[in-house]
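>
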Amino acid sequence: MATRVALKFIRECSLYTKVKSNKIPRNYFCTAAASIPKKIPQFSKKGRLFTGAAIGLLIGGGAYASTVDEATFCGWLFNGTKLVNPFFAFLDPEVAHRLAVSAAARGWVLIEKRPDPPILELEVWGRRFSNPVGLSAGFDKNAEAIEGLLGLGFGFVEVGSVTPVPQEGNPKPRIFRLPTEGAIINRCGFNSEGIVAVAKRLGAQHGKRKLETSSTSSSTGDEVVHGGKAGPGILGVNLGKNKTSEDAAADYVQGVHTLSQYADYLVINISSPNTPGLRQLQGRKQLKDLVKKVQAARDEMQWGEEGPPPLLVKIAPDLSKQDLEDIAAVALALRIDGLIISNTTVQRPDTASKNPVAEEAGGLSGKPLFSLSTNTLKDMYSLTKGKIPLIGVGGISSGEDAYKKIRAGATLVQLYTAFAYGGPALIPKIKVELAECLERDGYKSIYEAVGADCR
Ligand SMILES: Cc1cc2nc3c(=O)[nH]c(=O)nc-3n(C[C@H](O)[C@H](O)[C@H](O)COP(=O)(O)O)c2cc1C
């Protein structure tokens, strides 16, 4: 019945239904106007109404859109991206991820035109960030889509983990969604095209990025214009080690030699749960030896006025109090420039354990990781007495979450899983909400709020 009614409606509304099938003469295109069939097509009343309404809507909508400012229009576009999220959710996680990276690499993504709220601007390691919300490692493992991702409005993007020699990683499937829990389990195992391929890509973009830096600074003085406007943005390079390598330090040193010239900051990732033995490098002695070697390799290289990129260490959320104390002691003694807290967890917190997918081996990320990683962050902020900039990552899916990380001791924050679920629309939302949280509590800048819950 419904189908019949629908068909009838379509037939009646069709522009062609009531058109008499006037046969067009064979010589139509070369005859005079007089030979054109005289009958003007007649449409039904409903058809005319429908067509008129559609045209009216189009003209009205277009006219309205032309009167709104660029910022509103940009907001519509970003919100509109939510419409494609169900399509991505329908695909295999790794296929969806590949599609997203390819689209960003080709520039088939929105560009954030709205400037970031000024309260979010900050300077860390002598680098200026227009906002503290970054994309964490693992999304753009091979540095394919930096410009597209920065253009979405992230304050910074971290590529990698990159291994010295290309490697495939673990067999597929190796990424699993837990949508109800807002979580992901992955056991990628550092699938990487390797430092040479990544260096080529970064090298090709480097000239352009540097050019943008200089033209940006000459045209706007000291203003930060990226993450919302043209400009180079901040790039982190996250280094990993090959699965079969027996000398971890040599792997990281190779990464430093090949990639550090392109990085605004470098990360030694020793916290992935999917590379056997990697997390043992977080032990006091191992960490000390490793960081010394990597720092030496970086400092031996020739650096210009800006100096070498800061060196950060990314740690796990599954460490004991003793482990954390050891890491804090090494970080302070060796003046590590920053810590990223945290990577994925091998634990299965209650909020995720009921989902059968939770039994998959690998690291859990997303909402169920939030408390664990934020508590680790808090501990580390207290242990390092707020002397080392910390990047808070793990389970951020709103501005309020980002704010909690900052209050727990983070100067910058990162996310991955919530972006995988929420898409581009999430980035402006988080930034606006974070600015609102700061203003609500009377803070004038991010610095004032850092570690507020640890004092
Ligand atoms: C599929 C996937 C791959 C990841 N790969 C890496 C990686 O190569 N290197 C790394 O340091 N972290 C990696 N991570 C961890 C994230 O960078 C981040 O630390 C973690 O997911 C917690 O943040 P989130 O809860 O916002 O996702 C990966 C995470 C996911 C989900």
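Numbered by full-length UniProt numbering, the letters in the sequence shown go through residues 1 to 455 in order. Note that the Cβ used here is the ideal one computed from N, Cα and C, for glycine as well. All values derive from a computational prediction rather than experimental measurement.
For Ser382, which residues of its own chain have a beta-carbon under 6 Å away from its beta-carbon, when the five flanking residues on both sides are left out?
Excluding residues within five positions, the ones whose Cβ falls inside 6 Å are Cys454.
> Can you tell me which residues form a DSSP beta bridge with Asn238?
Answer is Gly160, Val267, bridged to Asn238.
> With a threshold of 16 other CB atoms inside 10 Å of the CB of Ala420, please say whether the residue is buried or exposed.
Buried, by the Cβ-count rule.
> For Lys404, which three-state DSSP category applies?
Of the three classes helix, strand and coil, the one that applies to Lys404 here is helix, per DSSP.
> From which residue to which residue does the alpha helix (DSSP H) around Ser382 run?
370-383 is the extent of the alpha helix (DSSP H) around Ser382.
> Does the structure place the region 437-447 close enough to the region 85-95 that three or more beta carbon pairs sit under 8 Å?
Not touching, per the Cβ criterion.
> Using the Cα positions of Asp140 and Phe50, report the straight-line distance between them to the nearest angstrom.
Spanning the two alpha carbons is a distance of roughly 47 Å.
> Could you check what DSSP says for Arg440 in three-state terms: helix, strand or coil?
Three-state result, Arg440: helix.
> Can you tell me which residues form a DSSP beta bridge with Gln347?
Paired residue(s): none; Gln347 is not in a bridge.
> Could you check the C-alpha separation between Lys113 and Val124 for me, to the nearest Å?
So the two alpha carbons sit approximately 24 Å from each other.
> Please determine whether the Cβ atom of Ile268 lies at a distance below 7 Å from any heavy atom of ligand 1.
Checking every heavy atom of ligand 1 against the Cβ of Ile268, none is found closer than 7 Å.
> Does the distance from the CB of Thr258 to the CB of Ala199 come in under 8 Å?
Cβ atoms of Thr258 and Ala199: closer than 8 Å.
> Apply the 10 Å Cβ neighbour rule to Ala100 and answer buried if 16 or more other Cβ atoms are within range, or exposed otherwise.
That one is buried.
> I'd like the list of long-range same chain contacts for Val346, defined as Cβ closer than 7 Å, with 5 residues on each side in sequence excluded.
Excluding positions up to five away in sequence, the list reads Pro273, Asp318, Gly363.
> Classify Ile336 as helix, strand or coil using the three-state DSSP reduction.
Correct three-state label for Ile336: coil.
> Under the criterion of a Cβ to heavy atom distance below 7 Å, does Leu278 qualify as lining ligand 1?
No.
> Let me check you understand the geometry: is the CB of Ala352 closer than 7 Å to at least one non-hydrogen atom of ligand 1?
For ligand 1, not one heavy atom lies less than 7 Å from the Cβ of Ala352.
> What does DSSP give as the partner residue(s) for Lys314 in the beta ladder?
Its beta-bridge partners are Asn269, Ile340.
> Pick helix, strand or coil for Gly60, following the three-state DSSP scheme.
Gly60 falls in the helix class under three-state DSSP.
> Give the single residue among Leu412, Lys241, Gly233, Ala449 whose Cα lies nearest to the Cα of Ile340.
For the residues Leu412, Lys241, Gly233, Ala449, the minimum Cα distance to Ile340 belongs to Leu412.
> What is the DSSP secondary structure of Ser365, reduced to helix, strand or coil?
It is a strand residue.
> Does Leu278 pass the burial test, meaning 16 or more other C-beta atoms within 10 Å, or should it be called exposed?
Its Cβ being crowded by 16 or more others within 10 Å, Leu278 is buried.
> By DSSP, does Arg128 sit in helix, in strand, or in coil?
Reduced to three states, the DSSP call for Arg128 is strand.
> Along the chain, where does the beta strand (DSSP E) containing Arg284 start, and where does it finish?
Element bounds for Arg284: not the beta strand (DSSP E) but the alpha helix (DSSP H), 284-300.
> Let me know the secondary structure DSSP gives Asp453 once reduced to three states.
Of the three classes helix, strand and coil, the one that applies to Asp453 here is helix, per DSSP.
> Pairs of beta-carbons, one from the region 158-176 and one from the region 116-123, closer than 8 Å: are there three or more?
The region 158-176 vs the region 116-123: no contact.
> Taking Gly155 as the reference, which of Leu434, Asn131, Leu149, Ala263 has the closest Cα?
Closest by alpha carbon: Asn131.
> Do the region 238-256 and the region 180-192 meet, that is, are 3 or more Cβ pairs less than 8 Å apart?
Enough Cβ pairs lie closer than 8 Å, so yes.
> Look at the alpha carbon of Glu306 and the alpha carbon of Asp69, and state the distance between them as a whole number of angstroms.
Roughly 39 Å between the two C-alpha positions.
> Does the beta-carbon of Val225 have 16 or more other beta-carbons within 10 angstroms, so that it is buried, or is it exposed?
Note that Val225 has pLDDT 39, beneath the 50 cutoff, so the model's placement of it is unreliable and the number below is only indicative. Classification of Val225: buried, given that the 10 Å Cβ count is 16 or more.
> For ligand 1, I want to know if Ser245 counts as a neighbour, meaning its beta carbon is within less than 7 Å of at least one of the ligand's heavy atoms.
Result no, Cβ not under 7 Å from ligand 1.
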